[in-house]
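Visitor: Handing you a structure now.
In our numbering, the protein residues as written are -12 to 431.
Dropping the structure here:
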């Protein structure tokens, strides 16, 4: 990448990462409140209920977020047309799925939401079209590289959630039902704000262009399978714990998972900024950018993971209390997999930007099958520690599949993609020197 592009990439990535770190800090505060005020049982139910619209939405996303970025960046599609299609699809698909799930609510409560008050299911299902719309419209901001608004949309829910949970749980003592209502209001409010911001530069119209919609659906169908398999891979362990064990164990595992997944903020930030650039780049340039971002992201993630290994147990005990000490071992067991999946999150962007989602589908599908199989065997034997081992193995498998294919297709060796070199270390030293004011920054 040319120096000005590198500078902008670093700034955008740092901005997204900074916003995610702020959201993370606020999210940890919210997690502490919900864990301490609800207790392990209701905290487990809260985790399953709030994950439900996120998980279900992936069954009807149809790869639209990836298609939005791809068609706006590579095909020059109108932002207004793309956003308008997103509005129609979100409420049509999300509303239809919400209705179907409402009719099947008895089955959900009996098998996956055991012990949840039936009244909590309705506000959770109401969220489905709004969760879809957030994903679709966030992709429009990403395609237009409007990362300030993208970052605000990441931070605002955590600010509102922290304040809302403090009022509902600490002051009013409304319990699980109150926490679910607050979550619903926050998501709806942020989605309305996001729609207004998108409308400023991509006016929303009640129009439908069949040709564009057909092309986007064709592209999105590949991303759909990839996203669905990937999401199930990331989430199914918690539903299997709820099915095979009980909500208390889900509560412990949720604390372990939520803290460990904070490591992925690094790769998510760089991947978010990288994807629209890859979609607009030639193949050779895309491979070079991907290899560089992979090794730098992996290096930083490993350093942070070492801190988790040393101090993660203490953090859980201090923040959540001794009754959540059972979360310490699962968090440590899944750390190797979390480090590896950070690599996966970068590499998937490379394949998607080149319309090669079939590679991502194979990796995610294989990892999902391994995860389900191992969970089915290990959870009854080892409890949530078994789920953590399954996660580490399946996450690593997904990353290794993509790494091998990327190395073969790009010509960049595995070592060059994974490990930083002398030139990279020199770059870190120069960056540190500029930050200390010892050297002037080059003109952008």
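We treat Cβ as the ideally placed atom computed from N, Cα and C, and that holds for glycine. No experiment lies behind these values; they were computed from the predicted model shown.
Would you say residue 265 and residue 256 are within 9 Å of each other, going by their C-beta atoms?
Guide: Reading the chain shown from its first residue, position 278 is the one you call residue 265. Reading the chain shown from its first residue, position 269 is the one you call residue 256. No. Outside cutoff.
Visitor: Quick one: is residue 57 buried, meaning 16 or more other Cβ sit within 10 Å of its Cβ, or exposed?
Guide: Looking up residue 57 in the chain shown gives position 70. Residue 57 should be labelled buried.
Visitor: Got a sec? Which residues, its chain only, sit under 7 Å from residue 153 by beta carbon, not counting five neighbours each side?
Guide: Counted from its first residue, the chain shown places residue 153 at position 166. The answer, listed in chain order, is 20.
Visitor: In chain order, what residues of the same chain lie with their CB nearer than 6 Å to the CB of residue 147, ignoring the 5 residues before and after it?
Guide: Translated into the one-based positions of the chain shown, residue 147 becomes position 160. Same-chain partners within the cutoff: 173.
Visitor: Applying the 10 Å Cβ sphere with the 16-neighbour rule, what's the burial state of residue 401?
Guide: The residue labelled residue 401 in the question sits at position 414 within the chain shown. Classification of residue 401: exposed, given that the 10 Å Cβ count is below 16.
Visitor: Quick one: Cα of residue -10 to Cα of residue 10, how far?
Guide: For the purposes of this step, residue -10 is taken as the residue at position 3 of the chain shown. For the purposes of this step, residue 10 is taken as the residue at position 23 of the chain shown. With a pLDDT of 45 at residue -10, under the threshold of 50, the modelled position of that residue is not reliable, and no figure is offered here.
Visitor: Check whether the Cβ atoms of residue 242 and residue 295 lie closer than 9 Å to each other.
Guide: As a position in the chain shown, residue 242 is number 255, starting the count at 1. As a position in the chain shown, residue 295 is number 308, starting the count at 1. No, they are not a contact pair.
Visitor: Which of the three DSSP states, helix, strand or coil, is assigned to residue 29?
Guide: To locate residue 29, count along the chain shown from 1; it is residue 42. Three-state DSSP puts residue 29 in a helix.
Visitor: Tell me the rounded alpha-carbon separation between residue 341 and residue 230.
Guide: Here the question's residue 341 lines up with position 354 in the chain shown. Here the question's residue 230 lines up with position 243 in the chain shown. If you take the alpha carbons of residue 341 and residue 230, they lie about 39 Å apart.
Visitor: Quick check: the segment 347 to 362 against the segment 201 to 213, are at least 3 beta-carbon pairs closer than 8 Å?
Guide: yes
Visitor: Helix, strand or coil for residue 103, going by three-state DSSP, please let me know.
Guide: For the purposes of this step, residue 103 is taken as the residue at position 116 of the chain shown. Three-state DSSP puts residue 103 in coil, outside helix and strand.
Visitor: Enumerated in chain order, which unbroken segments of the alpha helix (DSSP H) with a length of 4 residues or greater are wholly contained in the segment 109 to 155?
Guide: Fully enclosed alpha helix (DSSP H) runs of 4 or longer: 115 to 130 and 134 to 152.
Visitor: Below 8 Å on the Cβ atoms is my guess for residue 36 versus residue 118; work out the distance and round it to an integer in Å.
Guide: Taking the first residue of the chain shown as position 1, residue 36 is located at position 49. Taking the first residue of the chain shown as position 1, residue 118 is located at position 131. About 13 Å separates the two Cβ atoms, so there is no contact after all.
Visitor: How many angstroms separate the CA atom of residue 176 from the CA atom of residue 109?
Guide: By 1-based counting over the chain shown, the position of residue 176 is 189. By 1-based counting over the chain shown, the position of residue 109 is 122. Rounded to whole angstroms, residue 176 to residue 109 spans 17 Å at the Cα level.
Visitor: Checking 9 Å against the spacing of the C-beta atoms, do residue 59 and residue 130 come in under that value?
Guide: Residue 59 sits at position 72 when you count from the first residue of the chain shown. Residue 130 sits at position 143 when you count from the first residue of the chain shown. Cβ distance < 9 Å, so residue 59 and residue 130 count as in contact.
Visitor: Do residue 373 and residue 359 have their beta-carbon atoms positioned less than 9 Å apart in this structure?
Guide: Indexing the chain shown from 1 puts residue 359 at position 372. Indexing the chain shown from 1 puts residue 373 at position 386. No, they are not a contact pair.
Visitor: Please name the residue in 22, 72, 104 and 263 whose C-alpha comes closest to that of residue -1.
Guide: Within the chain shown, the letter at position 12 stands for residue -1. Of 22, 72, 104 and 263, the residue nearest in Cα terms is 263.
Visitor: What did DSSP end up calling residue 369 once you bin it into helix, strand or coil?
Guide: For the purposes of this step, residue 369 is taken as the residue at position 382 of the chain shown. The answer is helix: DSSP assigns residue 369 an H, G or I state.
Visitor: By the 10 Å Cβ neighbour count, where 16 or more other Cβ atoms means buried, how is residue 127 classified, buried or exposed?
Guide: In the chain shown, residue 127 corresponds to position 140, counting from 1. Classification for residue 127: buried.
Visitor: Using DSSP with H/G/I as helix, E/B as strand and the rest coil, what is residue 161?
Guide: Here residue 161 refers to the residue found at position 174 of the chain shown. In this structure, residue 161 counts as coil in the three-state DSSP scheme.
Visitor: My output table needs one value for residue 437: the three-state DSSP class, helix, strand or coil.
Guide: Outside the displayed span of the chain (-12 to 431) sits residue 437, for which this structure offers no information.
Visitor: Do you know how far the Cα of residue 315 is from the Cα of residue 288?
Guide: As a first step, residue 288 must be located in the chain shown, where it is residue number 301. As a first step, residue 315 must be located in the chain shown, where it is residue number 328. About 19 Å.
Visitor: Quick check: the Cα distance between residue 413 and residue 41, rounded to an integer number of angstroms?
Guide: On the chain shown, position 426 is the one that residue 413 refers to. On the chain shown, position 54 is the one that residue 41 refers to. Each residue's alpha carbon lies about 42 Å from the other.
Visitor: Can you have a look at residue 339 and say buried or exposed, based on whether 16 or more other CB atoms are within 10 angstroms of its CB?
Guide: For the purposes of this step, residue 339 is taken as the residue at position 352 of the chain shown. So residue 339 ends up on the buried side.
Visitor: Could you name the residues of the same chain whose beta carbon sits closer than 7 Å to that of residue 30, not counting the 5 residues immediately before and after it, in chain order?
Guide: What you label residue 30 is simply residue 43 of the chain shown in a count that begins at 1. Answer for residue 30: 21, 22, 238 and 241, listed in chain order.
Visitor: Are residue 188 and residue 71 touching if we call contact CB-CB under 9 Å?
Guide: Stepping through the chain shown from its first residue, residue 188 is reached at position 201. Stepping through the chain shown from its first residue, residue 71 is reached at position 84. Cβ atoms of residue 188 and residue 71: not closer than 9 Å.
Visitor: Would you mind stating whether residue 84 and residue 114 have Cβ atoms separated by less than 9 Å?
Guide: The count along the chain shown starts at 1 and reaches residue 84 at position 97. The count along the chain shown starts at 1 and reaches residue 114 at position 127. Judged by their CB atoms, residue 84 and residue 114 are not nearer to each other than the 9 Å cut-off.
Visitor: When the Cα of residue 27 is compared with those of 236, 206 and 259, which residue comes out closest?
Guide: To locate residue 27, count along the chain shown from 1; it is residue 40. Per the Cα distances, 236.
Visitor: Cβ of residue 348 within 9 Å of Cβ of residue 385?
Guide: Looking up residue 348 in the chain shown gives position 361. Looking up residue 385 in the chain shown gives position 398. The answer is no: Cβ separation not under 9 Å.
Visitor: Going by DSSP in three states, residue 399 sits in which element: helix, strand or coil?
Guide: Sequence index remark: in the chain shown, residue 399 carries index 412 (1-based). Residue state, collapsed to three classes: coil.
Visitor: Note down, in chain order, each residue of its chain lying with its Cβ closer than 8 Å to the Cβ of residue 206, except the 5 sequence neighbours on either side.
Guide: Here residue 206 refers to the residue found at position 219 of the chain shown. Correct list, in chain order: 50, 53, 54, 57, 58 and 342.
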